Amino acid sequence: METVDFEIYEEKNKTNFYEITVCEFTEIYKTYYKRVFKYICYRIDDQHMAEDLCSQVFEKIIEKYSSFSRNNMTFEGWIFAIARNTITDYHRKNKRRGFHFSLDYIIEMVSSKPSPDDMILTEENNSYLFQALAHLNERDRAVVSLKYGAELKNTEIAKLMGLSESNVSVILCRSLKKLQKKLVRGGFKYE
Amino acid sequence: MNKKADMNEFKQLQDLLINVDVDSSKYEYIILNRLKYKIETGTIKSNYIEKDDLYMKRKFFRPATTVALALSILILGGSATYASGTLDSIIAHFQIGNAQIQQYAMDSETKDVNTASYDESLLQEDTSSDEKSLTLEEVKKVAKGDIKLPNYVPEGYAFENATASFEGAGVDVVYSNKSGDTIVILASSTKEATCGVATTEEVSETMIDGKKVMLSGNCALWESNGVTYQLYWNYKNSDEVNLTSSDMKQVPKIIESMK
Chain B
-13 METVDFEIYE EKNKTNFYEI TVCEFTEIYK TYYKRVFKYI CYRIDDQHMA EDLCSQVFEK
47 IIEKYSSFSR NNMTFEGWIF AIARNTITDY HRKNKRRGFH FSLDYIIEMV SSKPSPDDMI
107 LTEENNSYLF QALAHLNERD RAVVSLKYGA ELKNTEIAKL MGLSESNVSV ILCRSLKKLQ
167 KKLVRGGFKY E
Chain R
7 MNKKADMNEF KQLQDLLINV DVDSSKYEYI ILNRLKYKIE TGTIKSNYIE KDDLYMKRKF
67 FRPATTVALA LSILILGGSA TYASGTLDSI IAHFQIGNAQ IQQYAMDSET KDVNTASYDE
127 SLLQEDTSSD EKSLTLEEVK KVAKGDIKLP NYVPEGYAFE NATASFEGAG VDVVYSNKSG
187 DTIVILASST KEATCGVATT EEVSETMIDG KKVMLSGNCA LWESNGVTYQ LYWNYKNSDE
247 VNLTSSDMKQ VPKIIESMK
């Protein structure tokens, strides 16, 4: 494959390029970080990978920032398309085998509840929830993650996944029913 | 447990999903500071440059074993604005078999999930195993009631995978073509296994093979012999939200073949 040295090419032809500034990136990061992180947590079984994958997503945002075009999709949709592709790549590399759930990670999570009993209950409930999520098939889990992790609207999810809006709503309904059953069978207690 | 309590738990599940604390703050500034440092030192920079109004990707020589992940952003036309908050502007409500269709106003946020078909039998013991991908023969065996699957699919489409739920009372069959377009057929023989539809698209009614069929965007719903069917035709690389005219002619053929 031929390679092109764009650095030399730039000097000769004075091409334009746009590098994201630290300020711009910080604004974007602070706006989307929590949703991206949560979306990743919902999509993967090994929660310890969330930090690494989240970092990868924002690195790609920096690298591809110049290529974003508002004519094609919203900025929010573009960010979660990158996140989704990063997760896809992660699964492809790791070829998920069964359930790699890290209870230790969940135990580390600290709730804001003052009561020790409430803290234990919250940690246990989060544990049940992630275990239940892991039993959804990949497509359903992706839709649920985009809805409740990334906080996207049904219409945006439909665009990202190449589904109709109606299909998205049905997938959400069916997935919630499945999650409900899993949680109740697993001893989940609503607070 | 009564139905009201069940509905409350369903709502609580949604709240849990929205509000669960994944402790994102633990890594927030670690990642931010790392990436800020990379930008400031030039360790990470844009891979795209603009030349003559075109964005061209820098090419780097990579070893043969490097992963070649292509950017798979779906390029769809149009932009959308989304209302904040939640507005439940239901403008029409339809029922077909066990499925309810709620049509919302176009400029309102679609209701998160149509729970109208929620059934109090949800908490009954479900001994079915976790969903696994089934072959066409396997799903036909496990399907309960009078569930029929198509004997005709449009040219270029082939069976991709299937799953069953609620002990065979619900089946989900996917057919796909090489372009990644999919035809998804959901068949359910009980109310429990049926989900409602929430849509902002127009809903119309037609007759196909003696059956009343509701059409909405890429979706067709009908009922036959106690089974509720939902057909979704998804186009992967298109912003088409309605069935094309040629595909519309295929839908009756699919439905008629389900005997």
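If you read the sequences in order, they're chains B and R. Reminder that position 69 of the first sequence reads as 55 in my numbering, one-by-one numbering, no gaps. Reminder that position 218 of the second sequence reads as 224 in my numbering, one-by-one numbering, no gaps. Idealized CB from N, CA, C, for every residue including glycine. Quick caveat, the model's predicted, so the values are computed rather than measured.
Proximal residues of chain B, C-beta to C-beta of Thr206 of chain R below 7 Å: Glu151
C-beta atoms of Thr150 of chain B and Cys225 of chain R nearer than 7 Å: The question names Thr, yet the displayed sequence has Ser at residue 150 of chain B. Yes, the pair counts as a contact, with Cβ atoms nearer than the cut-off.
Of the listed residues B:Ile157, B:Thr60 and B:Asp38, nearest to Glu34 of chain R (C-alpha basis): Comparing alpha-carbon positions, the option among B:Ile157, B:Thr60 and B:Asp38 lying closest to Glu34 of chain R turns out to be B:Asp38.
Run of the alpha helix (DSSP H) containing Tyr18 of chain B, from where it starts to where it stops: Val8 to Arg29
C-beta contact flag for Thr205 of chain R and Ser152 of chain B at 7 Å: yes
Within chain B, the residues that Lys242 of chain R reaches when beta carbons sit closer than 8 Å: Gly148
Simplified DSSP assignment, three categories, for Ile153 of chain R: coil
Beta carbon proximity, Asn104 of chain R to chain B, threshold 7 Å: no
Under 9 Å by beta carbon: chain R residues contacting Glu13 of chain B: Ordered by position in chain R, no residue passes the 9 Å Cβ test against Glu13 of chain B, which lies about 11 Å from the chain.
CB contact below 7 Å: Val219 of chain R versus chain B: Output row for Val219 of chain R: interface = no.
Option nearest Arg21 of chain B by Cα separation, candidates B:Leu122, B:Cys40, B:Leu165 and B:Asn123: B:Cys40
Any chain R beta carbon closer than 7 Å to Val156 of chain B: yes
Glu124 of chain B - containing alpha helix (DSSP H), residue span: Glu124 to Val130
CB of Met264 of chain R within 7 Å of CB of Lys146 of chain R, strictly: no
Residue interval of the beta strand (DSSP E) (run including Glu229 of chain R): Cys225 to Ser230
Distance CB(Thr234 of chain R)-CB(Asn104 of chain R) smaller than 7 Å: yes
Tyr18 of chain B: contacting residues in chain R (beta-carbon distance under 7 Å): What Tyr18 of chain B touches in chain R: nothing, since even the nearest Cβ is about 11 Å away.
Contact belief for Ser52 of chain R with Glu5 of chain B at Cβ below 8 Å, rounded distance in angstroms: 5 Å
Of the listed residues R:Ile97, R:Ile261 and R:Leu38, nearest to Met213 of chain R (C-alpha basis): R:Ile261
Ser194 of chain R versus R:Glu173, R:Glu211, R:Ser252 and R:Gly186, residue with shortest Cα-Cα distance: R:Glu173
Contact set between Tyr238 of chain R and chain B, taken where Cβ atoms lie within less than 9 Å: Leu149, Ser150, Ser152, Asn153 and Val156
Chain-ordered neighbours of Gln233 of chain B on chain R, where CB pairs are closer than 9 Å: The question about residue 233 of chain B has no answer here: the residues shown for chain B are numbered -13 through 177.
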